[in-house]
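Take the sequence shown: its position 48, counted from the start at 1, is 48 in full-length UniProt numbering, and no numbers get skipped. Note that beta-carbon positions come from the ideal geometry of N, C-alpha and C, so glycine has one too. Source: prediction; values computed, not measured. Notes follow once the structure below has been shown.
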Amino acid sequence: MASGGTSFPTRRAAAERNRDKILNAARDAFADPDAEVSMAEVARRAGVGMATLYRNFPGRRELLEALYVDEVDAICRAARIEDGQTPGQALTAWLRLHFDFIPNKRLIVAELLEHAPQDAAPPSHRHRALAAGQPLLTAAQESHEIRGDITLVQIFDAIVAIARIHGDRDYLEPIIQTLLDGLHT
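Structural data, given as structure tokens:
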């Protein structure tokens, strides 16, 4: 290779940065339930050209699927006990993260279904989130911080039920806090 030329790893790193910029821009754009977000708007927000956008995500559905999986991956990665946290604190923080994701998830899933074939099922990665969170719940129950008579599936179902209540963040906050407080022994 001639000196001064771009090496493959550099292009690969740049492509990964562009992909991350696109996903971050899409996440922000789709967070507004009233916004009608075009692919051009995502590219503009990401600071990339349309060719770069379509090279990474050939269509809107692929972008939404990647965004959904990226969000689920982040929730799964966050299921851990940080330094200075008790298992109960870690579980509570993780459940809040899961609760915060639900409104965005609903918007993304609704749009994915809009662009899906008629018989397509909504995407679900619940099993991945449950598997990631179960060690947190187990540790919190073993440390006697969290009640031992509840499962993670039951907690998820309660969180989803609360997230479906119509109301803004200020309205929902005391409801989710009551659930989280009720988990403690």
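**OP:** Put His184 into one of helix, strand or coil per three-state DSSP.
**Re:** His184 falls in the strand class under three-state DSSP.
Subject >> Distance between Ala31 and Arg55 (C-alpha atoms, nearest Å) >> reply: 23 Å
Original post:
Helix or strand or just coil, what does DSSP make of His81?
Top reply: Here residue 81 is Ile; the residue named in the question, His, does not match the sequence. Correct three-state label for Ile81: coil.
Subject >> Straight-line Cα distance separating Ala158 from Gly88 >> reply: Gly88 and Ala158: Cα-Cα distance of roughly 18 Å.
Subject >> Close Cβ partners of Pro140 (< 7 Å) along its chain, the five nearest in sequence each way excluded >> reply: Per the sequence shown, residue 140 should be read as Ala rather than Pro. Here the set comprises Pro87, Gly88, Leu91 and Ile146.
Original post:
Where does Ile150 sit, in a helix, a strand or coil, going by DSSP?
Top reply: DSSP places Ile150 in coil when its eight states are reduced to three.
Original post:
Quick check: the region 64-80 against the region 35-45, are there 3 or more CB pairs under 8 Å?
Top reply: no
Original post:
CB Phe99 to CB Ile176, shorter than 8 Å?
Top reply: yes
**OP:** Report buried or exposed for Tyr171, applying the criterion of at least 16 other Cβ atoms within 10 angstroms of its Cβ.
**Re:** Taking all protein chains in view, the Cβ of Tyr171 is surrounded by fewer than 16 other Cβ atoms within 10 Å, so the residue is classified as exposed.
**OP:** Within the same chain, show all residues whose beta-carbon is closer than 8 Å to that of Gln85, passing over the 5 residues directly before and after it, in chain order.
**Re:** Ala93
Original post:
Nearest-angstrom Cα distance between residue 248 and Leu63?
Top reply: Past the edges of the chain, shown from 1 to 185, lies residue 248, and the structure says nothing about it.
**OP:** Closer than 7 Å by C-beta to Val160: which residues in its own chain qualify, once you throw out the five before and the five after it? Chain order, please.
**Re:** Ile102
Original post:
Between the beta-carbon of Ala66 and the beta-carbon of Leu23, is there less than 8 Å?
Top reply: yes
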